[in-house]
Each structure stands twice: as structure tokens, then as C-alpha cells.
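Numbered according to my numbering, the sequence shown spans residues 40 to 334.
Glycine included, every Cβ here is placed at the ideal spot set by N, Cα and C.
Shown next, in C-alpha cells, is the structure this report addresses.
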Amino acid sequence: MHKALPCLSLALAALLIATPTRMTAQAVSPALESEAARPPAPGPGGKMLPGMPKFHDPLPYDIDDHAGYTQLFDGKTMKGWDGDPSIWRIEDGVMIGETKEEERKGNSYIVYTADKAKDFDLKLQMKIEKGGGGGIQYRSHTGEAWTRPQPAGAGPNGTPPKWLLTGPQADFWFPVRQSASNYTGQWYSENTMQGILAYRGQVTQALPGKGNRLVANIGDKLALGGYVKTNEWNDYEIIARGGVMMHIMNGQLMATFIDDDPNDANNQMGLIGFEIESQPCKISVKDIWWRKFDK
40 MHKALPCLSL ALAALLIATP TRMTAQAVSP ALESEAARPP APGPGGKMLP
90 GMPKFHDPLP YDIDDHAGYT QLFDGKTMKG WDGDPSIWRI EDGVMIGETK
140 EEERKGNSYI VYTADKAKDF DLKLQMKIEK GGGGGIQYRS HTGEAWTRPQ
190 PAGAGPNGTP PKWLLTGPQA DFWFPVRQSA SNYTGQWYSE NTMQGILAYR
240 GQVTQALPGK GNRLVANIGD KLALGGYVKT NEWNDYEIIA RGGVMMHIMN
290 GQLMATFIDD DPNDANNQMG LIGFEIESQP CKISVKDIWW RKFDK
């Protein structure tokens, strides 16, 4: 028995009580502080208080704000990118994927192999033409086999595993039918049995060991489709932080999925890329930038 320990504990407790503690103000970035709405005024004890801050709007939405971003596509070469050259090409500074009725090969992907990320902002411009659809892959990985049959003419294995991205996807579809047009902006898990976890207009959440649950509505699914431009360039932004993944099109939030299980595959470092469906389709992408927050 060490009888000296209780005495030592009492002595430390007495020291802590006798030592005055100093509360420090919460530290915030000066860039977030606003000017005072009125001149400083004396408060309790004669301390001068700045009073209420002036209310102010955030800086306006700007897809071209690239401060702190890295450009992933130079518009001239496929440096850092890997995909089926019979489908993906560069034309007039634009990355293009195109599938044709007479040359069906199954879904095809182009993968950015030069880096990975978990927490990031991704900005780009994208256009879908001639039917079909696809999307933006992120936090994804290659090498897995298909979990579903591929269309006729795609061959026995469909897309080679090195070009097959499995993981979260921000959907983008041509409005060949109402159901397809409603997919654009939603959160979808490519090549897994998760499927759609946040339809356009939804904020959903999955707690560890629990199923997915609707926690809020952003807006009506059909009404949000009005923000999507057909046969034209669309701003597409993905914000991923921890378990929160947000899809934004033309400045409008489309869907948010929150996965609170840190061990889930959706919460891992991964690759980004683009998918084009096997249906006849043309996908164009340009101005691809990202800003990483991984430590």
C-alpha cells in the first residue's frame, strides 16, 4: 500500500484550487469578424464593449474563385488521367466522353490517378448531350468487379477493373425521360448495393449501424430540376468534409448525404473521375479544380 499517494493527491488538489485560472476568449479568424454597428460603450467594470456587429451578407457565389485550388485538367493533355481512349478524348480544351449505339462497351470511366482525397472542394463545368448520363465519382477506388450484369455487347467482363470506379457519385443525366432527369444532383453509390442514399432535394443521414434516414428537405425534386441546364454548361461543385457530402449545381444545393460511420467505405480517401453510361451519350467536362483539406 502506498499511503503517500492520498496525501499527494490532496496537495495537488489544493494547488489547483489555490492557483487562479484565466478564461480566454474564443479564438476566431479576424476575417470572420464584422465591424461594430455602433461606437464602443462602457460595460461592467468600465470595460469598453464594441456592441453588436454589423450584419452582412457573405461574398457572392463564384465558380471561378480558385484561391487555394489546384487545376486537375490542363485542357491539352490527359496527364494524370486514365480511361478508355476509344471513348475519352480532348477536343478544343474540353475532356469528352462519348458512347455510340453501334459501339456499346458498357459504362465507362476516366480516372484521375495522380492524387487521392477525402476532404475537398471540387469545382468543374459539365455538359450532357445526346441522351444517357453519368456522373462525378469521388472517394472511389478501382479494381473491383461489376456487381450487376452489363448491357449486351459490353463483352464478358464489361469495363476493365482498372477503369471501373466504385464509390460515391454525383449524378448527371440527360432528360431522356422524367425519371432520368430527376437523377441529376442526387447522391448515388456506383457499383455497390447502397444505390441512391439521397435523392435530389434531400438531406439524409446514416448513423453507425443504422439505416439511412431523411432529416430534411432542400426543396421539391421537380422544381430543383429547373436549375439544371440541358445541352449547356453547368457548374457542378462537390463539398466533402468528414461524413458530410454535398452536391451543388449552378449555385443550388441539390443533395446532402451524412455518413456518420467513420469506418464506412464512403468515408475513406479515394479517387475522383467521371462516368459515362453505356447508352448513347456525350459528356463534356472542363475547368476541373479541387482544394484539398486532408491532413
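{"query": "Cβ neighbours of Ser323 in the same chain (closer than 6 angstroms, five flanking residues each side left out)", "result": "Val133, Ile135 and Lys166"}
{"query": "Residue range of the alpha helix (DSSP H) that includes Asn221", "result": "Gln217 to Tyr222"}
{"query": "Nearest residue (CA-CA) to Ile278, options Tyr177, Asn230 and Asp326", "result": "Tyr177"}
{"query": "Ala304, DSSP secondary structure in three states", "result": "helix"}
{"query": "Span of the beta strand (DSSP E), counted from its first residue to its last, around Lys260", "result": "Lys260 -> not in any beta strand (DSSP E); alpha helix (DSSP H) instead, spanning Lys260 to Leu263."}
{"query": "Limits of the unbroken beta strand (DSSP E) element including Tyr275", "result": "Asn273 to Arg280"}
{"query": "Reduced DSSP secondary structure (H/G/I, E/B, other) of Pro81", "result": "strand"}
{"query": "Length of the line joining the Cα atoms of Pro319 and Val267", "result": "20 angstroms"}
{"query": "Contact check, Met204 vs Glu314, beta carbons under 9 angstroms", "result": "Correcting the residue identity first, residue 204 is Leu in this sequence and not Met. Cβ distance < 9 angstroms, so Leu204 and Glu314 count as in contact."}
{"query": "Check whether Leu88 and Trp328 have beta carbons under 9 angstroms apart", "result": "no"}
{"query": "Glu183 - containing beta strand (DSSP E), residue span", "result": "Note, Glu183: premise wrong, no beta strand (DSSP E); not H, not E."}
{"query": "Terminal residues of the beta strand (DSSP E) in which Gly136 lies", "result": "Val133 to Thr138"}
{"query": "CA-to-CA distance, Arg187 to Arg216, given in whole angstroms", "result": "22 angstroms"}
{"query": "Option nearest Phe296 by Cα separation, candidates Pro99, Gly290, Gly90 and Val254", "result": "Val254"}
{"query": "Glu229, DSSP secondary structure in three states", "result": "strand"}
{"query": "Gly290 versus Gly85, Ile311, Tyr100 and Ala153, residue with shortest Cα-Cα distance", "result": "Tyr100"}
{"query": "Limits of the unbroken beta strand (DSSP E) element including Ile102", "result": "Taken as a continuous stretch (DSSP letters only), Ile102 belongs to no beta strand (DSSP E), as it is neither H nor E."}
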